[in-house]
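Set out below in structure tokens:
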């Protein structure tokens with residue numbers, strides 16, 4: 373192992389960066405591996421925090437980087453507030469501050485992702501003292517990360533962020549090379565936004581949310597206009613001022629040549645989408661149930677490959693799909709409006725225009741199951757299919773669905789997810805046995821069931837599924853309550 377080329381080892385461990393368990397297990401192989409893995413783990417340490425005990429461990433390591441003077445100051449703060457918490461809390465928190473010696477590695481120097489929300493939540497959950505002293509502790513830790521020796525590529529700023537990080541020495545250098553910014557915009561963090569406008573023009577991936585209709589949007593507009601290669605944009609704007617919305621969308625139009633990925637949670641009020649002709653991916657949701665999305669009818673997106681839509685009127689989606697020139701390889705439409713009766717038209721458009729489709733999520737109403745047969749016959753490259761039962765249907769004909777899948781699934785199709793919204797629709801799932809029997813001789817399937825409510829219990833089918841796993845008909849099975857464990861078109865790797 374020690375004779376392997378260091379660059380090859382780095383590439384191997386980089387492939388494991390999203391699998392913390394395996395990466396951690398390689399730390400003790402030898403010194404070479406340790407020296408390669410530590411910077412990979414600490415590039416984005418926040419993503420490995422699944423349990424509270426990991427929060428405490430990470431905070432211990434961060435605090436160990438503080439100077440002795442800073443540690444003593446924090447310890448004194450704790451001692452001044454003994455009346456606010458019991459002796460066990462006092463001892464635990466003092467140990468948290470003083471127990472770690474200076475670390476062997478300068479771990480923080482490897483960090484390229486800075487997530488202020490996680491840092492603040494971590495400190496507030498562990499230190500049981502008043503808000504003012506928590507503020508002091510947080511600022512001490514912020515100073516560890518913001519200085520002229522650090523350079524971040526990813527920055528996350530939460531709402532109600534009152535900390536004046538733009539005044540910390542090294543702010544300009546730290547954030548001058550940002551590639552990704554997630555910003556929950558409100559009037560408390562406008563000064564930070566102004567500082568980023570001044571120093572940062574390399575952001576490619578921008579996510580922001582406006583919670584307050586009174587929030588000043590001029591700062592975010594200036595930030596958008598300052599970027600040179602803006603590529604990926606997500607926004608949710610709860611701002612009803614029409615003039616501000618127009619200015620904001622016009623700032624995005626100026627990047628029409630570079631924006632390829634767009635996610636929006638409201639209907640644009642300008643012809644924004646008609647300008648973004650280079651879009652590869654678009655994700656749209658309409659939680660406000662706007663009735664007029666007719667601007668989608670005349671939009672041509674010839675390069676579009678990925679389409680996700682929730683609560684968008686189906687006849688307008690059908691027109692959009694019709695104008696994508698057949699390049700769509702992923703479609704996800706997993707939420708319908710109650711009174712939307714254009715479903716058959718949508719499926720027919722997909723059948724006719726999406727011959728290269730590889731992954732599909734669709735809500736199927738009981739009366740439209742037969743349309744699936746035509747879709748499977750035409751979409752011969754389909755690799756993964758997600759069936760979402762219509763939450764408004766009291767019954768669902770699983771027998772007919774499984775019959776169609778057995779008879780018409782293309783050779784390439786072996787990945788399935790089934791979403792359940794109503795307990796009563798399980799009555800025909802006994803036909804699962806026949807479905808698996810008829811699947812013999814095909815590529816072993818990856819199968820997930822997704823109950824959307826805790827009372828939908830599928831345990832009585834687990835023995836059947838295990839039987840066919842042992843026979844090699846099912847390669848992998850997961851019962852994923854609420855569907856939070858995996859990304860939508862993912863069957864193997866769990867999400868962080």
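In our numbering, the protein residues as written are 373 to 868. C-beta atoms are modelled at their ideal positions from N, C-alpha and C, and glycine is treated no differently.
{"Check": "Expressed to the nearest angstrom, what Euclidean distance is found between the alpha-carbon atoms of residue 780 and residue 577?", "Outcome": "41 Å"}
{"Check": "Suppose only complete runs of 4+ residues qualify. What are the alpha helix (DSSP H) ranges in the region 620–652, listed by chain order?", "Outcome": "644–647"}
{"Check": "Please look up how many angstroms separate the CB atoms of residue 408 and residue 378, rounded, as I've assumed it's under 8 Å.", "Outcome": "7 Å"}
{"Check": "Measuring alpha carbon to alpha carbon, tell me which of 594, 597 and 640 ends up nearest residue 607.", "Outcome": "640"}
{"Check": "With distances taken from CA atoms, which of 498, 597 and 492 is nearest residue 507?", "Outcome": "492"}
{"Check": "When DSSP labels each residue in this structure, what does residue 729 get in the three-state scheme?", "Outcome": "coil"}
{"Check": "For residue 484, which option in 651, 766, 524 and 720 has the closest C-alpha, if you only look at C-alpha atoms?", "Outcome": "524"}
{"Check": "What do you reckon, are the CB atoms on residue 705 and residue 689 nearer than 8 Å?", "Outcome": "yes"}
{"Check": "Considering only residues of the same chain and omitting the five flanking positions on each side of residue 810, which have a CB-CB separation below 7 Å?", "Outcome": "778"}
{"Check": "Over the uninterrupted alpha helix (DSSP H) stretch that includes residue 663, give me the two end residues.", "Outcome": "From DSSP, residue 663 is part of no alpha helix (DSSP H); its letter is neither H nor E."}
{"Check": "The alpha helix (DSSP H) that contains residue 562, what's its start and end?", "Outcome": "562–571"}
{"Check": "Between the alpha carbons of residue 770 and residue 486, how many angstroms are there, rounded?", "Outcome": "47 Å"}
{"Check": "Return yes when the Cβ of residue 605 is within less than 8 Å of the Cβ of residue 638, no when it is not.", "Outcome": "no"}
{"Check": "Could you check the C-alpha separation between residue 821 and residue 833 for me, to the nearest Å?", "Outcome": "11 Å"}
{"Check": "With a Cβ-Cβ cutoff of 8 Å, do residue 634 and residue 618 count as a contact?", "Outcome": "no"}
{"Check": "Assuming residue 630 and residue 602 form a contact by the criterion Cβ under 8 Å, report the distance between their Cβ atoms to the nearest whole angstrom.", "Outcome": "6 Å"}
{"Check": "Could you tell me which of 613, 624, 581 and 842 sits nearest to residue 599, measuring between CA atoms?", "Outcome": "624"}
{"Check": "With a cut-off of 8 Å, do at least 3 Cβ pairs link the region 691–704 to the region 719–728?", "Outcome": "yes"}
{"Check": "Per DSSP, which one or two residues make a beta bridge with residue 542?", "Outcome": "Paired residue(s): none; residue 542 is not in a bridge."}
{"Check": "My guess is that residue 712 and residue 686 are in contact by the Cβ rule of under 8 Å, so how many angstroms apart are they, rounded?", "Outcome": "5 Å"}
{"Check": "Got a sec? Which residues, its chain only, sit under 7 Å from residue 571 by beta carbon, not counting five neighbours each side?", "Outcome": "544, 547 and 548"}
{"Check": "Taking the C-alpha atoms as reference points, what is the distance between residue 829 and residue 792?", "Outcome": "10 Å"}
{"Check": "Less than 8 Å between the C-beta atoms of residue 529 and residue 558, yes or no?", "Outcome": "no"}
{"Check": "Here's a check: name, in chain order, each residue in its chain whose Cβ is nearer than 8 Å to the Cβ of residue 782, leaving out the five neighbours to either side.", "Outcome": "748, 751, 752, 753 and 754"}
{"Check": "Does DSSP put residue 842 in a helix, a strand or coil?", "Outcome": "helix"}
{"Check": "From residue 406 to residue 858, what distance separates their C-alpha atoms?", "Outcome": "29 Å"}
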